[in-house]
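Okay, so here's the structure we're looking at.
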Amino acid sequence: MENRSPQATTLVDTFAVLAVAALGLFATACQSDPAPSGGAKPAASAAAAAPAAPAAPTAAAAAPAPTAARSARQEPLEGGPAPALVVSQAQFVDQTGPDGRTMPVPGAAKLTIVRLIDGAWKVTVLEDGDSNVFHKAMAYDGGLLTIGGNEAMLKTWKFSGGKWIQEKHWNPRFGGKHNRLRDVERGDLDHDGTDELVIATHDQGVVAIVHPDETWRVEEIDRQANMFVHEIEIGDVDGDGKMEFFATPSTPNKLDQEQAGEVTMYKSAPGGWQKSIVDAPGDTHAKEILTADVDQDGVSELYIVWEGALAQGGALVRPVVVKQYRMKDGAWTSTEVAEVPDRQMRAIAAGDVNGDGKIDLVAAGLSSGLWVFEQGDDGWKKTQIDGQSSGFEHPVLLADLDGDDELEIYVGSEDQGELRRYRFANGSFEKTVVAPLHKGDISWNVNDAKL
Ligand SMILES: [Ca+2]
Ligand SMILES: [Ca+2]
Ligand SMILES: [Ca+2]
Ligand SMILES: [Ca+2]
455 MENRSPQATT LVDTFAVLAV AALGLFATAC QSDPAPSGGA KPAASAAAAA PAAPAAPTAA
515 AAAPAPTAAR SARQEPLEGG PAPALVVSQA QFVDQTGPDG RTMPVPGAAK LTIVRLIDGA
575 WKVTVLEDGD SNVFHKAMAY DGGLLTIGGN EAMLKTWKFS GGKWIQEKHW NPRFGGKHNR
635 LRDVERGDLD HDGTDELVIA THDQGVVAIV HPDETWRVEE IDRQANMFVH EIEIGDVDGD
695 GKMEFFATPS TPNKLDQEQA GEVTMYKSAP GGWQKSIVDA PGDTHAKEIL TADVDQDGVS
755 ELYIVWEGAL AQGGALVRPV VVKQYRMKDG AWTSTEVAEV PDRQMRAIAA GDVNGDGKID
815 LVAAGLSSGL WVFEQGDDGW KKTQIDGQSS GFEHPVLLAD LDGDDELEIY VGSEDQGELR
875 RYRFANGSFE KTVVAPLHKG DISWNVNDAK L
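To convert, take the position in the sequence shown, counting from 1, and add 454; that gives the numbering used here.
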């Protein structure tokens, strides 16, 4: 099944693991873009809903107006600034069609913001009716930077004077069916002391560098028709002191087969960004990559999570394979980090989570749980942290929010409806629930901020 939905990546892949009954329902719901949803119901929330703040005037005011004016909660921040977790989400709301039938349609893009105020976690919801998904949010200039899909929106947000003030910086239409900003990373690509943003998009394969210090100038680096770019990573993998960046283009998802895809590198060269292929297995693709200096030799490695495959009937015929790639004298060598008995693993992060001074990889699978991979002198050791944590994207963040100089693991355990924290103590990982996650939402990313 070729996907055609506003939430295609999500829903079509989700179909494979959802009950057949749900499939029909969502398939119908996602055939067309969501209509204006004046009747969209806010989900239950401890905090009172605030009136939606009007959009602030922006530099991009001349851009076409969004087609769907979804209702949006924009709850105020009370207290703080405080350490915060920001969960970027898509949500679905019931809508009654002309035939009287009720069906779920994508609602407003949603951020679940969870702040540590006086020792207690407090939830605030910020939604944006301009998009039907937030794929990522990051701390930015005292507030947040967000990327959204359908409409594709690059925005910054600040809470000021009792309300959320937004600025719209990029609202592209790529010329295909979907307009989604899918991933963003920041780094100083041109070595002038200020960060650029690298953005991956659907569905025309656009990879762009945005220059906030040049009135948010957008520099299109790549474009390939009918191509989804899911993920960007930035890192210096050849040790020359200049940042390379990486992308994961693949053809749109199909339900019944693994699409082919590759991982591409863009390297700074006199004529511009020179593109090359890191690896392209031909029978699988990657949606998750990471650059990190796990072995702490001063040069980053690249980690690629190659997706697994299911046979008809659901048996796993190929596991997820995580590989490490090193650049030496202009050529790549790769070694296997781990095989994981799962179909997909869309989150991987690096940091020392068990306090032994060595950098670990922490990864979250679709259904196989939460894992840690440790590199030792005689290879990699794979340990399951928790088998009872799962979800479609199953996002992971390593951060020190409690200020004890040790990294905690934060996980969006979507199937369990929990945003969780795992802390290493007394030789094992202790789990606590930070906040509930509304079941049915899709959580794409967890990041930290101070809000
Ligand atoms: Ca720069
Ligand atoms: Ca480099
Ligand atoms: Ca290294
Ligand atoms: Ca460690």
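Cβ coordinates follow ideal geometry from the N, Cα and C atoms, glycine included.
- When the beta-carbon positions are compared, residue 814 and residue 826 come within less than 8 Å of each other.
- Screening all residues for a C-beta within a distance smaller than 7 Å of any heavy atom in ligand 1 leaves 642, 643, 644, 645, 646, 647, 648, 649, 650, 667, in chain order.
- Set against 7 Å, the gap from the CB of residue 697 to the closest heavy atom of ligand 2 is smaller.
- Exclusion of the five residues before and after residue 742 leaves 685, 759, 799, 800, 801, 802 as the residues of its chain whose Cβ lies within less than 7 Å of its Cβ.
- In the DSSP secondary-structure assignment, residue 647 is not bridged to any residue.
- A direct Cα-Cα distance of roughly 35 Å separates residue 696 from residue 878.
- Looking from the CA of residue 832, the closest CA among 790, 872, 584 belongs to 790.
- Leaving aside the five residues that flank residue 893 on each side, the residues in its chain whose CB is nearer than 6 Å to its CB run, in chain order, 871.
- Residue 625 sits away from residue 603, with the two beta carbons spaced by 8 Å or more.
- By the criterion of a C-beta distance shorter than 6 Å, residue 665 is surrounded in its chain by 650, 671, once the five residues flanking it on both sides are discounted.
- The alpha carbon of residue 779 has as its nearest neighbour, out of 744, 848, 612, the alpha carbon of 744.
- The stretch 639-726 is shown to contain whole beta strand (DSSP E) runs of 3 or more residues at 650-656, 661-665, 671-676, 682-689, 698-704, 717-723, in chain order.
- Of the heavy atoms belonging to ligand 4, at least one sits nearer than 7 Å to the Cβ of residue 807.
- By the beta-carbon neighbour count (other beta carbons within 10 angstroms, threshold 16), residue 674 is exposed.
- Across the structure, residue 730 and residue 854 are spaced so that their CA atoms are roughly 36 Å apart.
- A distance criterion of 7 Å places the beta-carbon of residue 836 beyond contact range of ligand 4, judged by its closest non-hydrogen atom.
- Here DSSP, grouped into helix, strand and coil, assigns residue 745 to strand.
- Rounded to the nearest angstrom, the gap between the Cα atoms of residue 564 and residue 548 is 16 Å.
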